[in-house]
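K.L.:
First, the structure itself, so that you have it in front of you.
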Amino acid sequence: ALDRGGGMLGAKIAADGQWRFPPLEACPPRYAAAAIAFEDRRFFHHPGVDPFAVARAIRLNLRSGKVLSGASTLTMQVIRISRDSRDSRDSRDSRERRGSRESHGRTWLEKITETFLALRLELRYGKQDILALYASHAPFGGNVVGLEAAAWRYFGRPADRLSWGEAALLAVLPNSPSLMHPGRNREPLRRKRDRLLVRLWRQGGIDSVTCALARLEPLPEKPVALPRIASHLVERLARELPQDNPGRAAIVHTSIDGRLQAQVGEILLRRQRELDGQGIRNGAVLVLRASTGEVAAYAGNMRATGEAAGAGSGAVSGDQGAEVDIIASRRSTGSLLKPFLYASMLEAGELLPGTLVADVPTQIAGYAPENFDRAFEGAVPARLALARSLNVPAVRMLKGYGVERFYRTLQDLGLTTLNRPAADYGLTLVLGGAEGTLWDLCGMYAGLARESLRYSGTDPRAEFRPGFFPPRLTRFGLPSLPSTPPAASIATRPLAASPIGPASAWLTLQAMAEVSRPDVQKYWRDFASSRWVAWKTGTSFGFRDAWAVGVTPEYVVGVWVGNASGQGRPGMTGIQVAAPLLFDVYNALPPTTEFPMPMASLKRMAVCASSGMRPGPICPVIDSVWAPQSGLRTLACPYHRMVHVDPTERFQVHDGCQSVSTMVHRAWFILPPTQEWYYRQRHSDYLPSPDWRKDCEAGLAALGQPRAMDLIYPKPMASLYIPTDLNAEKSRAIFEAVHRNPGATIYWHLDQSYLGETREFHKLTVNPSPGRHALLLVDDKGERLERTFEVLAKESGL
500 ALDRGGGMLG AKIAADGQWR FPPLEACPPR YAAAAIAFED RRFFHHPGVD
550 PFAVARAIRL NLRSGKVLSG ASTLTMQVIR ISRDSRDSRD SRDSRERRGS
600 RESHGRTWLE KITETFLALR LELRYGKQDI LALYASHAPF GGNVVGLEAA
650 AWRYFGRPAD RLSWGEAALL AVLPNSPSLM HPGRNREPLR RKRDRLLVRL
700 WRQGGIDSVT CALARLEPLP EKPVALPRIA SHLVERLARE LPQDNPGRAA
750 IVHTSIDGRL QAQVGEILLR RQRELDGQGI RNGAVLVLRA STGEVAAYAG
800 NMRATGEAAG AGSGAVSGDQ GAEVDIIASR RSTGSLLKPF LYASMLEAGE
850 LLPGTLVADV PTQIAGYAPE NFDRAFEGAV PARLALARSL NVPAVRMLKG
900 YGVERFYRTL QDLGLTTLNR PAADYGLTLV LGGAEGTLWD LCGMYAGLAR
950 ESLRYSGTDP RAEFRPGFFP PRLTRFGLPS LPSTPPAASI ATRPLAASPI
1000 GPASAWLTLQ AMAEVSRPDV QKYWRDFASS RWVAWKTGTS FGFRDAWAVG
1050 VTPEYVVGVW VGNASGQGRP GMTGIQVAAP LLFDVYNALP PTTEFPMPMA
1100 SLKRMAVCAS SGMRPGPICP VIDSVWAPQS GLRTLACPYH RMVHVDPTER
1150 FQVHDGCQSV STMVHRAWFI LPPTQEWYYR QRHSDYLPSP DWRKDCEAGL
1200 AALGQPRAMD LIYPKPMASL YIPTDLNAEK SRAIFEAVHR NPGATIYWHL
1250 DQSYLGETRE FHKLTVNPSP GRHALLLVDD KGERLERTFE VLAKESGL
C-alpha cells in the first residue's frame, strides 16, 4: 500500500508465502546495466537467442562432458521463470523448486522449447519490456521474488533509489538464489558483486571512483523489516482485494498522507504510555479530508511499546487485542448519534435551536434514562442539551421524533451496523444501544461538514462533492477499491437525496462547537493560536468505549479509546481519555477554519426569548435566530399565560374577586410544575406566578387554572415492582412530588388512608401491597391530584 505521495505504508506477504510486488513498468537503469553486464552482454543485439553464447556453450559442454553453460539469455530466463511459476501453481507440493532456475532441468528438449518461446516473446515485446519482466519476476533468495521486493527487503528503499553497489549485488543474486542468500556465503557473494562492478567499469558503465566506492559498500546483514506505518490498513486492504489468485501481487495507491500517518502513530504511542497505567490498552484514530471523504490517516490500534518511529500500529506490549482493527470494529456508539437526531429534527421542522426540551425524571415503558451527572435542569434549550450531551432531553426528543423514523435516517446517513429491528433498540438507540464503527461514524460527521459547505460559495477546492457517503481509501476522482461484503463501505455510495440539509448541518456543527473542552483546552477562545472545532464525545455503558469526533471544514478526526476485549475502566469517558487525543491530532494538522454560514438555506426567524420557540400571541420579548426554512412549521410557544393581578401586582385575582377594570394583565412565563421545580434551582431569574389572593382561592378549579403540583413518581398507570433486600426484608418505594409554592404543604393519602404530610421537599416512603392502588395528594390550598398505579407481585415481576 502506498500513500498519497507514493511512499510505502506497508506490505503483506502473498498467500503463497512469497514476498512479491506488482510488476515494474520499467527496469531501473542501474539494475538494468548491472543485469545485462552480468547475464547477457549482447542483450540488445540478439533476437532472444544469442548464437555466440550457444556456440560457446556447445564447445564447453562437449569438451568437459557435462553441462557447464546453458547459454541462456535474459529473454530465455523470463520464459523459464514463467514456466516455473505456472508449474508451481499446478503442483503445490513442489515448493523446493520455486526460486531456482534449474526447475525444468537442462535437457535439449527444454532448451529447444525455451528458444522457440524466447523468439516469440521478442516478437511481441520490446527489449525494455523484457527487462522489466525479468526484474519483476526473478528470484532473489529465500522467499523474495522481484527486484522491487528485494530492494525493500534487503535495503529498505525502492529499486529506483539503489546505489551501484546495491544494484550489482541484486544483479548477481538470481544466478544462484538458493546458495547466495545475503545471510550466508557472504564472501562468495561479495566477490561476485565486486567482479561485476569491475566489469561495469571496464565496459564504461561507471567510472573508477564509483567502482571503488561501490566495492566498499557492506553487504546487508539480514532482511530489512518493511515499513509498517499503517499495518491495520494494509490488512484491511488485503481482505478487500479479490482473492481469486493467492499468488497475485497488488499495489494500492491510497489517499493516506504518509507524514500525518506517522505523526498520528507517534501521538497514539505517547497517549498509550499514559493510559497503560490505567488499564486502558487500545486506541484508534481515523482522519478524513472533510470535503472529499478521503482517508488522510488510518491508525487502527495502538502500536507496540518500543517500535521504531513510524512503524505504525501493532500489538501493545502486554496486551491482547492490539491486532484488532478498531476502526472497522463494532462498538457501542455512546452519545455520538445525538447530533444526527438534533439535525434531523431541525430539518423536519420539529425543533429550533433554542426550543426548550424537558429535562426531568422520566420513565417511558419502564425505561428511566439518567443524565451523566444524575441531575436535572427542568428545561434546557435543545442546542445546549446537545452541547452538554444530556441524556434525558435526547430520549424525550427521540420519543417525539420516532425510533423507527430515526432508525431509517441513520441508515440513510451511512450507519451500516443496524442489523436488528428498530423496536429492539428502542429509545436506547440514541444513547449507545446501537453499535457503530469509527469508519461509519466519521463518514457521517464528514457528511455534516460537506452539507454545511454545500452552498457556502467559499470553498476553493475543486475536489468537493456534497452529500453523505462512506470514507474513501483512494484519491478523490479515482475508482474506488473493489469491495465485497461485509466491508462494502470501502466503495463510495452516494445518496440520492441528503437527509440533512445545509442549514440543519451548519446549526448542528455550531452547537457542537459549544462543547466544553478538557483541561486547558477549555480556555481555547482566549488564545489566538487556538482553532475552531465542532466536536462530540461519547461514553458507552460500563465505561467500555470512549469516543471523540471533531469536525472542521478541512478535516474530520475520529478517536476511540478503550480495551478491545470490552473490559471497562472506571472514569474512562470520552471527555477524559478520548478528547485529549483528539486535540493532539488537530494540533498536528495544518491550520483549520470555521464553517461559513450557508446563507442561501438559512432564514432569520422571530422566536420567543424565553422558550426559543416561535412566539405566541402574548410572548412579551421577541428575539430572532437563524433557522432552516422548515423552522416555520415548528410549534408556537405554549409557556406564556396571561396572568391577572391586583393593582399592587402581588397577587393573582379573577373576575369573581376583583373588578376587571382594576386588574393588571401580565404575560407570564410558566413552566409545568415538574419542570419548574428543577428549573428554578438553576435559574435564579425565573419568577413563579404570584400566589392567589386569599379571597380569590375559592373556585380556582372551575376556572381551569394550571396545576400547582405534580407527581414525579409514580407516573400514571405505572406498574411497580418492589424487591426484597439482602436481609429478606421487603424494600420500600419512594414517591416524589413537586409544588410551585416552595412553602406549600402536601397531604398524602393512599387508598383513602392518610400517609402523612410534606413541606418543601415532597418525598414520602411507602410500602404498598401488591395490587392496584389510588394515590391522592391535597395541598394546603385544597388543590387535589389523583393517580392510580399497580404494585406487582414477585411472580408478576419476574
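The sequence shown begins at 500 in my numbering and counts up one residue at a time.
Where is the CB? At the ideal position from N, CA and C, for every residue including glycine.
Only a predicted model underlies this, so the values are computations on that prediction, with no experimental measurement involved.
Opposite Thr1287 in the DSSP bridges: which residues?
P.N.:
Bridge partners of Thr1287: Ala1273.
K.L.:
According to DSSP, is Asp1279 part of a helix, a strand, or is it coil?
P.N.:
Correct three-state label for Asp1279: coil.
K.L.:
Over what stretch of residues does the alpha helix (DSSP H) that includes Thr908 continue unbroken?
P.N.:
Run containing Thr908: 902-912, per the alpha helix (DSSP H) assignment.
K.L.:
Out of Val1056, Ser1039, Asp1083, which one is the CA nearest neighbour of Asn1062?
P.N.:
Closest by alpha carbon: Ser1039.
K.L.:
Where does Gly504 sit, in a helix, a strand or coil, going by DSSP?
P.N.:
Three-state DSSP puts Gly504 in coil, outside helix and strand.
K.L.:
Among Ala1207, Pro546, Gly640, which one has its Cα closest to the Cα of Lys626?
P.N.:
The candidate whose alpha carbon is nearest that of Lys626 is Pro546.
K.L.:
Can you find the residues in the same chain that come closer than 8 Å, C-beta to C-beta, to Leu661, ignoring five residues on each side of it along the sequence?
P.N.:
Taken in chain order, the residues that qualify are Pro527, Arg529, Tyr530, Ala650, Phe654, Leu669.
K.L.:
Just to confirm my understanding: we take Ala1243, look at its own chain, exclude 5 residues before and 5 after, and list those with CB closer than 8 Å. What are they?
P.N.:
Only Ala1207, Met1208, Arg1258, Asp1278, Asp1279, Lys1280 meet the Cβ criterion.
K.L.:
Just to check my reading of the structure: Ile755 and Tyr797 have Cβ atoms closer than 8 Å, yes? What is that Cβ distance to the nearest angstrom?
P.N.:
Sure, about 6 Å apart at Cβ, within 8 Å.
K.L.:
Look up Leu1263 in the DSSP assignment and say whether it is helix, strand or coil.
P.N.:
Note: Leu1263 maps to strand in three-state DSSP.
K.L.:
Return the Cβ separation of Thr1036 and Ala1077 in integer angstroms, given the expectation that the two are a contact with Cβ distance under 8 Å.
P.N.:
At roughly 6 Å, the Cβ-Cβ gap stays under 8 Å, so Thr1036 and Ala1077 are in contact.
K.L.:
Considering Tyr1085, what are the terminal residues of the alpha helix (DSSP H) in which it resides?
P.N.:
Residues 1078-1087.
K.L.:
Run the CB neighbour count on Phe1288, radius 10 Å, all protein chains shown included, and call it buried at 16 or more, exposed below.
P.N.:
Classification for Phe1288: buried.
K.L.:
Per DSSP, what are the beta-bridge partners of Leu1127 in this structure?
P.N.:
Checking the sequence shown, residue 1127 turns out to be Pro, not Leu. DSSP lists Leu1101 as partners of Pro1127.
K.L.:
Residue ranges of each beta strand (DSSP E) run of no fewer than 3 residues wholly in the segment 810-892, ordered along the chain?
P.N.:
You should have 855-858, 877-880.
K.L.:
Quick check: what's the CA-CA separation for Leu620 versus Leu940?
P.N.:
Rounded to whole angstroms, Leu620 to Leu940 spans 52 Å at the Cα level.
K.L.:
Consult DSSP for Tyr624 and reduce its assignment to one of helix, strand or coil.
P.N.:
The answer is coil: DSSP assigns Tyr624 none of H, G, I, E or B.
K.L.:
Helix, strand or coil for Asp1154, going by three-state DSSP, please let me know.
P.N.:
Asp1154 falls in the coil class under three-state DSSP.
K.L.:
If we require 3 or more residues per run, which beta strand (DSSP E) segments fall completely within the segment 704-769?
P.N.:
List check, beta strand (DSSP E) in window: nothing returned.
K.L.:
Distance check for Tyr841 and Leu1284, CA to CA, integer angstroms please.
P.N.:
Roughly 35 Å separates the two Cα atoms.
K.L.:
If you run the structure through DSSP and keep just helix, strand and coil, what is Trp1059?
P.N.:
It is a strand residue.
K.L.:
Drop a sphere of 10 angstroms on the beta-carbon of Lys1132, count the other beta-carbons inside from all chains shown, and report buried for 16 or more, exposed for fewer.
P.N.:
Note that residue 1132 corresponds to Arg in the displayed sequence, not to Lys. Arg1132 comes out exposed.
K.L.:
Can you tell me where the beta strand (DSSP E) holding Tyr1212 begins and where it ends?
P.N.:
Looking at the DSSP string, the run of the beta strand (DSSP E) that includes Tyr1212 is 1208-1212.
K.L.:
DSSP puts Lys1229 in a beta bridge; with which residues?
P.N.:
BP columns for Lys1229 point to Thr1223.
K.L.:
Enumerate in chain order the residues of its own chain whose CB-to-CB distance from Val1265 is below 7 Å, with the five nearest sequence positions on each side excluded.
P.N.:
Cβ within range, chain order: Arg1231, Ala1232, Phe1234, Leu1249, Leu1254.
K.L.:
Where does the unbroken alpha helix (DSSP H) through Arg1181 begin, and where does it stop?
P.N.:
Where Arg1181 is concerned, the enclosing alpha helix (DSSP H) stretches over 1172-1181.
K.L.:
If you measure between the beta carbons of Ala857 and Ala886, is that distance less than 9 Å?
P.N.:
Taking 9 Å as the Cβ cut-off, Ala857 and Ala886 do not qualify as a contacting pair.
K.L.:
How far does the alpha helix (DSSP H) with Ile1245 in it extend, from its first residue to its last?
P.N.:
From DSSP, Ile1245 is part of no alpha helix (DSSP H) but of the beta strand (DSSP E) over 1244-1249.
K.L.:
Since Ala1166 is in the alpha helix (DSSP H), which residue starts that stretch and which ends it?
P.N.:
No alpha helix (DSSP H) holds Ala1166; the beta strand (DSSP E) holding it covers 1163-1168.
K.L.:
Can you tell me which of Lys511, Arg830, Leu715 puts its alpha carbon nearest to the alpha carbon of His731?
P.N.:
His731 has its Cα closest to that of Lys511, out of Lys511, Arg830, Leu715.
K.L.:
Using the Cα positions of Thr709 and Trp663, report the straight-line distance between them to the nearest angstrom.
P.N.:
About 8 Å.
K.L.:
For Tyr1253, which of helix, strand or coil comes out of DSSP?
P.N.:
DSSP places Tyr1253 in strand when its eight states are reduced to three.
K.L.:
Suppose contacts are defined by Cβ-Cβ distances below 9 Å. Is Thr1007 in contact with Gly935 by that definition?
P.N.:
Going by C-beta atoms, Thr1007 is not nearer than 9 Å to Gly935.
K.L.:
In chain order, what residues of the same chain lie with their CB nearer than 8 Å to the CB of Arg1179, ignoring the 5 residues before and after it?
P.N.:
If we look at Arg1179 and ignore the five residues flanking it on each side, its Cβ neighbours are Gly877, Tyr1185, Pro1187.
K.L.:
Within this structure, are the beta carbons of Ala1217 and Gln862 separated by less than 9 Å?
P.N.:
A contact, by the Cβ cut-off of 9 Å.
K.L.:
Using the C-alpha atoms, what's the distance from Ala667 back to Ala808?
P.N.:
Low per-residue confidence applies at Ala808: pLDDT is 34, beneath 50, and the placement is therefore not dependable enough to give any value.
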